[in-house]
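Mind the numbering: the sequence shown is residues 14 to 479 in our numbering, read in order. Ideal Cβ placement from N, Cα and C applies to all residues, glycine included. Keep in mind that this is a model prediction, so the values were computed, not measured.
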Amino acid sequence: MNGIKIGYAPTRRSIFSAPDAVRYAGLTRQRLKELGVELVDLDDINEEGLLYDDRDRSAVAEKFRREKIHGLFLPHCNFGTEYVCARLAKELNVPVLLWGPRDERPDENGVRLRDSQCGLFATGKVLRRFQVPFTYLCNCRLTDPEFERGIDNFLRVCNIVKVFRDIRILQIAPRPFDFWSTMCNEGELLEKFNIQLAPIPMTELRQEMEKAKAEGTEVEEVMVYCRSSMNVCIKPEELHQVAALKVAMKHLADRYGCRAVAIQCWNALQAEIGIMPCAANSLLNEEGIPVVCETDIHGAVTALMAEAAAMGEARSFFADWTVRHPDCENGELLQHCGPWPVSVAKEKPSIGYPLAFNHPGAVEAEAKHGQMTLCRFDGDNGEYSLLLGRAWGIDGPYTKGTYVWVEVENLKRLEDKLVCGPYIHHCVGVHMDLVPSLYEACKYIQVRPDLYDPIEEEVKAFIRGE
Numbered sequence: 014m015n016g017i018k019i020g021y022a023p024t025r026r027s028i029f030s031a032p033d034a035v036r037y038a039g040l041t042r043q044r045l046k047e048l049g050v051e052l053v054d055l056d057d058i059n060e061e062g063l064l065y066d067d068r069d070r071s072a073v074a075e076k077f078r079r080e081k082i083h084g085l086f087l088p089h090c091n092f093g094t095e096y097v098c099a100r101l102a103k104e105l106n107v108p109v110l111l112w113g114p115r116d117e118r119p120d121e122n123g124v125r126l127r128d129s130q131c132g133l134f135a136t137g138k139v140l141r142r143f144q145v146p147f148t149y150l151c152n153c154r155l156t157d158p159e160f161e162r163g164i165d166n167f168l169r170v171c172n173i174v175k176v177f178r179d180i181r182i183l184q185i186a187p188r189p190f191d192f193w194s195t196m197c198n199e200g201e202l203l204e205k206f207n208i209q210l211a212p213i214p215m216t217e218l219r220q221e222m223e224k225a226k227a228e229g230t231e232v233e234e235v236m237v238y239c240r241s242s243m244n245v246c247i248k249p250e251e252l253h254q255v256a257a258l259k260v261a262m263k264h265l266a267d268r269y270g271c272r273a274v275a276i277q278c279w280n281a282l283q284a285e286i287g288i289m290p291c292a293a294n295s296l297l298n299e300e301g302i303p304v305v306c307e308t309d310i311h312g313a314v315t316a317l318m319a320e321a322a323a324m325g326e327a328r329s330f331f332a333d334w335t336v337r338h339p340d341c342e343n344g345e346l347l348q349h350c351g352p353w354p355v356s357v358a359k360e361k362p363s364i365g366y367p368l369a370f371n372h373p374g375a376v377e378a379e380a381k382h383g384q385m386t387l388c389r390f391d392g393d394n395g396e397y398s399l400l401l402g403r404a405w406g407i408d409g410p411y412t413k414g415t416y417v418w419v420e421v422e423n424l425k426r427l428e429d430k431l432v433c434g435p436y437i438h439h440c441v442g443v444h445m446d447l448v449p450s451l452y453e454a455c456k457y458i459q460v461r462p463d464l465y466d467p468i469e470e471e472v473k474a475f476i477r478g479e
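Written out as structure tokens, the structure reads:
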């Protein structure tokens, strides 16, 4: 689960059955362990291991902070103590999952042991009063499929928030002059979101490449990988330069503590090192270190969000929206010179020459079809949003580079959003349905979710367990 750690704070209220609350806390803990969830519980805070006494709250918060939890789970094992839950959630500032088990029928004397659903209504109100965003998984049984699905989605949300709140991007050289569309406000990104940039000049990249070539071993290993995983259609010395670039970017990202890279990619780069960076980008993308083109900082943020949502189950790819499909009314070509990961391809990729440039080092392959999530983080005039939606791979004409033809529900509606903004011609795709996770994560990072198809009610229904 990508190291996601959940603070487990089952709650009760004194008027209802404490023994039954303890029983359900244990059943819920066991179910979460079956699902592979890493928990930090309250067993050493009080005898019941439950959150109900406000005097325990400081100790609970201290333990959860010490353990560096990424999310807070508040199972209402009977009615629950809403104000203690809200105070704890406010203090911790992590994603919050609110859920309670379905209540059993009253016994033969008409006695109800828990009233968990009623408590959820109360806690939701108090969390809103405290202005604490939370995720709600509707009242269901531990064995219901929606419980497992809801836990999985919440873990993905926690991972997105964890990654988003700790972004640092290696910026290799300024954006190309012609790409005014990829300009960003570095100060605003830092002030609003703590997104940090580590800018370096092109000369530092070239020096790191020379160092990598002098040391040799890593560069040779990359060349071996390329020959085994791709059809190499460039000269050996050119492949050597591709491998050196990959190693250099990895070292620089590590040195500056960066999760992703945004590289100028043309045309100063070609004058410095004589190759296109696409294949080197592809190699790093395959390792889960997104590298985006044209110094697109917002694109790098998008890629990190998509990778976090995927939890290592699929790699993301950075693409241009380019041209409409010649035959499919709602079809569009996603393409780029050749930076997509090898695992995205439906065929063995080749390293060759891109469509628009004379320098070697671009990957060529059509991507796999199937369902995808497409997304784009961007902003204008201080307002940021995340465009997202679903698409499906379809057949279409051959073209150069890394590419896939996709179909969406209504291309004209999507096209209007791209032109009217705040978006540009770049997006990130993943071969998974990650729309609910990305949509839900937006409430925790102060970014507006912007669905390009009218599926908001469907997405909300999925999150709440319908």
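Taking the CB atoms as reference points, tell me whether G414 and C341 lie closer together than 8 Å. Taking 8 Å as the cut-off, the Cβ atoms of G414 and C341 do not count as close.
Is the Cβ-Cβ distance between S295 and V245 less than 8 Å? In this structure, the beta-carbon distance from S295 to V245 does not fall below 8 Å.
How far does the alpha helix (DSSP H) with V460 in it reach, from first residue to last? Membership of V460 in any alpha helix (DSSP H) is not indicated, and neither H nor E is assigned to it by DSSP.
Can you tell me whether DSSP reads E204 as helix, strand or coil? Helix, per DSSP.
Contact the segment 396-410 vs the segment 276-285: 3+ CB pairs below 8 Å: The segment 396-410 makes no contact with the segment 276-285; the number of CB pairs closer than 8 Å stays below 3.
Is it right to say L101 is buried, meaning 16 or more other beta carbons lie within 10 angstroms of its own, or is it exposed? It counts as buried.
Identify the residues that DSSP records as bridge partners of C388: which are they? Under DSSP, C388 shares a beta bridge with L401 and V441.
Just verifying my parser: in three-state terms, what is the DSSP assignment at Y37? Y37 falls in the helix class under three-state DSSP.
H338 (DSSP reduced to helix, strand or coil): Of the three classes helix, strand and coil, the one that applies to H338 here is coil, per DSSP.
Report all residues from its chain with a CB closer than 7 Å to the CB of N371; omit the five preceding and five following residues, and keep chain order. There are no such residues.
How many whole angstroms separate the CB atoms of Q209 and I180, which I take to be in contact at a CB cut-off of 8 Å? Right, their Cβ atoms sit about 7 Å apart.
Unbroken alpha helix (DSSP H) runs of length 4 or more, entirely within the segment 207-239: which are they? 215-228, all fully within the segment 207-239.
Taking the continuous alpha helix (DSSP H) assigned at Y96, which residues delimit it? For Y96, the uninterrupted alpha helix (DSSP H) run begins and ends at E95 to L105, by DSSP.
Report buried or exposed for G45, applying the criterion of at least 16 other Cβ atoms within 10 angstroms of its Cβ. First, the amino acid is wrong: residue 45 is Leu here, not Gly. L45 is buried by the Cβ-count criterion.
Report the rounded CA-to-CA distance for V107 versus A292, giving the unit in angstroms. Those two C-alpha atoms are separated by around 38 Å.
Between H89, V53, E61 and C90, which lies nearest to E75 when the distance is taken from Cα to Cα? Taking only the C-alpha atoms, the option nearest E75 is V53.
Assign W193 to buried or exposed, taking buried as 16 or more other Cβ atoms, counted over all protein chains shown, within 10 Å of its Cβ. It counts as exposed.
With T315 and C388 assumed to form a contact (beta carbons below 8 Å), what rounded beta-carbon distance in angstroms separates them? Yes, T315 and C388 are in contact; Cβ-Cβ is about 6 Å, under 8 Å.
In this structure, how does DSSP classify S356 when only helix, strand and coil are distinguished? Note: S356 maps to helix in three-state DSSP.
Within 10 Å of its beta-carbon, does N207 have 16 or more other beta-carbons around it, so buried, or fewer, so exposed? Exposure of N207 is indicated by the presence of fewer than 16 other C-beta atoms within 10 angstroms of its C-beta.
Tell me which residues share the same chain as V260 and place their Cβ nearer than 7 Å to its Cβ, disregarding the 5 neighbours each side in the sequence. Only A225, E231, V232 and V235 meet the Cβ criterion.
What does the Cβ neighbour count give for K485, buried or exposed, with the cut at 16 atoms within 10 Å? Beyond the ends of the chain as shown, which are 14 and 479, falls residue 485; an answer cannot be given.
By DSSP, does I164 sit in helix, in strand, or in coil? I164 falls in the helix class under three-state DSSP.
Is the distance from the Cβ of H264 to the Cβ of D391 below 8 Å? D391 sits away from H264, with the two beta carbons spaced by 8 Å or more.
Continuous alpha helix (DSSP H) stretch holding P146: start and end: In the DSSP assignment, P146 falls outside any alpha helix (DSSP H), carrying neither H nor E.
N- and C-terminal bounds of the alpha helix (DSSP H) containing Q283: Where Q283 is concerned, the enclosing alpha helix (DSSP H) stretches over A281 to I286.
Determine whether the beta carbon atoms of G20 and I82 lie at a separation below 8 Å. For G20 and I82, yes; Cβs fall inside 8 Å.
Using the rule of at least 16 other Cβ atoms within 10 Å of the residue's Cβ for burial, across every protein chain shown, is I302 buried or exposed? Buried.
Could you tell me which residues DSSP puts in a beta bridge with G84? Per DSSP, I19.
Run the CB neighbour count on N91, radius 10 Å, all protein chains shown included, and call it buried at 16 or more, exposed below. By the Cβ-count criterion, N91 is buried, with 16 or more other Cβ atoms from all chains shown falling within 10 Å of its own Cβ.
Where G383 falls: helix, strand or coil (DSSP): Here G383 sits in strand by DSSP.
Which whole-angstrom value is the C-beta distance of L252 and C239, which I expect to be below 8 Å? Going by Cβ atoms, the distance from L252 to C239 rounds to 6 Å, so yes, they are a contact pair.
Straight-line gap, Y465 to G62 (C-alpha atoms, nearest Å): Approximately 44 Å between the Cα atoms of the pair.
For Q130, the three-state DSSP class (helix, strand or coil): It is helical.
For M385, which residues from the same chain have a beta carbon less than 6 Å from its beta carbon, with the 5 sequence-adjacent residues on both sides left out? The residues are A404, G442 and H444.
Taking only the alpha-carbon atoms, compute the straight-line gap between D267 and P214 and give it to the nearest angstrom. Taking the straight line joining both Cα atoms gives about 16 Å.
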